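Below is one structure, written out as structure tokens, with a few remarks after it.
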Amino acid sequence: MKPSRNRACIAAASLALLTLAAVSGLARAANWAQWRGPHRNGISSENGLLKKWPADGPKLVWQVDDLGDGYSTPAVVGDRIYLLGSRGLEDEFVQCLSAADGKPIWERRIGKVGNPDQRPPYPGARSTPTVDGDALYALGSDGDLARLDAKTGDIAWQKNLRNDFGGKPGVWAYSESPLVDGDVVIATPGGDEATIVGLNKSTGELVWKSAIPEMEAAYASAVKADVAGRTQCIQFLSKGLVGVDAASGDLLWQYGHTAQGSMANIPTPVVNGDLIYSASGKGGGGLVKIVASGDKFAAEEVYFEPQLPRAIGGSVLVGEHLYGASSDSLMCVEFATGEVVWRDRSIGAAGICYANGMLYLHGENGEVALVAATPAEYREAGKFTPPNTPDRGKSKAWAYPVVADGKLYIFDWGTLWCFDVKEE
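Okay, structure coming up:
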């Protein structure tokens, strides 16, 4: 082969690989395969989305009702949507829908509703399924953890966090969404001898367990991150934030100030380098820095403030600023210092995610809003109430918004809406 022709072939092959990588990257960006998106931080990498909505909201693509009670946030992968639902107190199930029209593809019961006599009474499905290749992992509110075939819904294995690991859920039952880390799926039974467990994702067999004294399960979902030179699983338990070694489950550090003795430890921790923000609905919000000294780790408090973002809907970190809600207002906070930059009550407590420079909010009252993610000011770019909102009784709209493949998905007590939010 002549050198010039050889170079041309190499260039063509390189271009093809770059194109394939770009297409693959777009495909990955379009998926929302687990709780809070690709990195469990509420951030979508999608672009080309509307910066302002019409007065009555973006275009409704479809609406599907009767999907079961609860607060499950959907996972979206390719042309399929996965979420949990419940009917009555005996049936909690995983379901798969078509992303094109919302029509059902399959449904599989995994257990019953957990803690049906809870007070205040908010029984119902809570978790988001985690899709990992051709497998799906789901946790029911009574502790039923299952691996299912994502295409058919067939159950490969199933464990119960109460029965198999001595689990102790909070008053409002299990709410965690499973975390997949390589060959391991991580869940939080909250038991004396198995507070957090890592299971072989193919077989369900125990790989490691972490026993953390006097710590039961709360309602947050764990995140994996490299912190202070160690790959850690970070979780918010009944009495505080903890970090365990992701490979062994060994407890590395713990911090209890944000818990304030409350069981309303719900939002997923926000991790940025060695800094971790956590918040409790009954306590407040605070930042810690994880410091390593040899093989020892410590959580050093940077700040704590009762009125920082602490609502069930969580927070997102965009640049140097944290956006999240308290019980009655949306806030922009300087992440490093905890200083409140602005606060606005137009939307109130809400679930939140970020995409293309904008915050997507699903208010506990059912309203949906679009707000610019800027520390300059509160700048609303649209707000509406989805049509035919269901009667959820005394419950609230606690499912988070999801942005995937140019669509906005909103779930509220058995009804799922799909809106087109792509730019024209």
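Residue numbers (mature numbering (1 follows the signal peptide of the UniProt record, and there is no 0)): -29 to -1, 1 to 395. Glycine is no exception: its CB is placed at the ideal position from the N, C-alpha and C atoms. Because the structure is a prediction, the values reported are computed rather than measured.
Determine the direct distance from the alpha carbon of residue j to that of residue i, and round the result to whole angstroms.
{"i": "arginine 80", "j": "glutamate 63", "result": "6 Å"}
{"i": "glycine 244", "j": "aspartate 362", "result": "42 Å"}
{"i": "threonine 123", "j": "tryptophan 77", "result": "7 Å"}
{"i": "alanine 375", "j": "glutamate 17", "result": "8 Å"}
{"i": "valine 392", "j": "leucine 31", "result": "9 Å"}
{"i": "arginine 7", "j": "serine 15", "result": "9 Å"}
{"i": "threonine 99", "j": "arginine 133", "result": "19 Å"}
{"i": "residue 442", "j": "valine 241", "result": "Look at the range of the chain in this structure, -29 to 395, and you will see that residue 442 is not part of it."}
{"i": "cysteine 204", "j": "alanine 26", "result": "43 Å"}
{"i": "asparagine 236", "j": "valine 304", "result": "20 Å"}
{"i": "leucine 258", "j": "isoleucine 247", "result": "6 Å"}
{"i": "valine 378", "j": "glycine 41", "result": "Checking the sequence shown, residue 378 turns out to be lysine, not valine. Approximately 22 Å, taken between the alpha carbons."}
{"i": "glutamate 147", "j": "valine 312", "result": "31 Å"}
{"i": "alanine 196", "j": "leucine 150", "result": "12 Å"}
{"i": "alanine 144", "j": "glycine 13", "result": "23 Å"}
{"i": "isoleucine 52", "j": "isoleucine 381", "result": "12 Å"}
{"i": "isoleucine -20", "j": "leucine 330", "result": "Caution applies to isoleucine -20, whose pLDDT of 36 falls short of 50 and renders its modelled position unreliable; the model cannot decide the point."}
{"i": "arginine 201", "j": "glutamine 225", "result": "15 Å"}
{"i": "aspartate 221", "j": "valine 215", "result": "5 Å"}
{"i": "glutamine 89", "j": "valine 142", "result": "6 Å"}
{"i": "alanine 218", "j": "glycine 153", "result": "10 Å"}
{"i": "alanine 106", "j": "isoleucine 261", "result": "34 Å"}
{"i": "alanine 193", "j": "alanine 158", "result": "8 Å"}
{"i": "glycine 232", "j": "serine 298", "result": "18 Å"}
{"i": "proline 29", "j": "alanine 71", "result": "17 Å"}
{"i": "leucine 110", "j": "glycine 137", "result": "16 Å"}
{"i": "histidine 228", "j": "alanine 321", "result": "24 Å"}
{"i": "asparagine 359", "j": "arginine 97", "result": "22 Å"}
{"i": "proline 45", "j": "tryptophan 24", "result": "22 Å"}
{"i": "phenylalanine 355", "j": "leucine 332", "result": "11 Å"}
{"i": "glycine 211", "j": "aspartate 135", "result": "24 Å"}
{"i": "glutamate 394", "j": "glycine 19", "result": "6 Å"}
{"i": "alanine 165", "j": "lysine 83", "result": "22 Å"}
{"i": "glutamate 272", "j": "serine 249", "result": "11 Å"}
Return the first residue and the last residue of the beta strand (DSSP E) that residue i is part of.
{"i": "leucine 330", "result": "329 to 334"}
{"i": "phenylalanine 390", "result": "386 to 391"}
{"i": "valine 287", "result": "286 to 289"}
{"i": "methionine 302", "result": "301 to 305"}
{"i": "glycine 292", "result": "Per the sequence shown, residue 292 should be read as histidine rather than glycine. From DSSP, the beta strand (DSSP E) with histidine 292 extends over 292 to 296."}
{"i": "threonine 101", "result": "101 to 103"}
{"i": "serine 69", "result": "62 to 69"}
{"i": "glycine 8", "result": "From DSSP, glycine 8 is part of no beta strand (DSSP E); its letter is neither H nor E."}
{"i": "glutamine 89", "result": "Neither: glutamine 89 is in no beta strand (DSSP E) and is coded neither H nor E."}
{"i": "proline 30", "result": "In the sequence under discussion, the amino acid at residue 30 is lysine, which differs from the proline named in the question. Note, lysine 30: beta strand (DSSP E), 30 to 35."}
{"i": "tyrosine 108", "result": "106 to 110"}
{"i": "leucine 379", "result": "378 to 383"}
{"i": "alanine 46", "result": "46 to 48"}
If you follow the alpha helix (DSSP H) that residue i is in, where does it begin and where does it stop?
{"i": "aspartate 135", "result": "132 to 136"}
Going by DSSP in three states, residue i sits in which element: helix, strand or coil?
{"i": "alanine 1", "result": "helix"}
{"i": "isoleucine 318", "result": "coil"}
{"i": "lysine 260", "result": "strand"}
{"i": "valine 242", "result": "strand"}
{"i": "proline 75", "result": "strand"}
{"i": "tyrosine 274", "result": "strand"}
{"i": "glycine 232", "result": "coil"}
{"i": "glycine 41", "result": "strand"}
{"i": "tryptophan 369", "result": "coil"}
{"i": "glycine 56", "result": "strand"}
{"i": "serine 15", "result": "strand"}
{"i": "alanine 375", "result": "strand"}
{"i": "arginine 51", "result": "strand"}
{"i": "leucine 21", "result": "coil"}
{"i": "serine 219", "result": "coil"}
{"i": "alanine -8", "result": "Low confidence applies to alanine -8: its pLDDT is 36, below 50, so where it sits in the model is not reliable, and the reading given next is rough at best. Residue state, collapsed to three classes: helix."}
In the DSSP assignment, what are the bridge partners of residue i?
{"i": "glycine 214", "result": "Ile205 and Trp224"}
{"i": "lysine 354", "result": "Ala340"}
{"i": "arginine 97", "result": "Its beta-bridge partners do not exist; DSSP assigns none."}
{"i": "isoleucine 323", "result": "Leu332"}
{"i": "arginine 80", "result": "Phe64"}
{"i": "isoleucine 126", "result": "Leu119"}
{"i": "alanine 250", "result": "Gly256"}
{"i": "valine 311", "result": "Val304"}
{"i": "lysine 267", "result": "Ser264"}
Please find out if some non-hydrogen atom of the ligand FMN comes closer than 8 Å to the beta-carbon of residue i.
{"i": "aspartate 154", "result": "The ligand FMN is absent from the structure shown, which contains no ligands of any kind."}
Quick one: complete beta strand (DSSP E) runs, 3+ long, within the segment 141 to 212? As far as the segment 141 to 212 is concerned, its whole beta strand (DSSP E) runs of at least 3 residues are 150 to 152, 155 to 158, 167 to 171, 177 to 181, 194 to 198 and 201 to 208.
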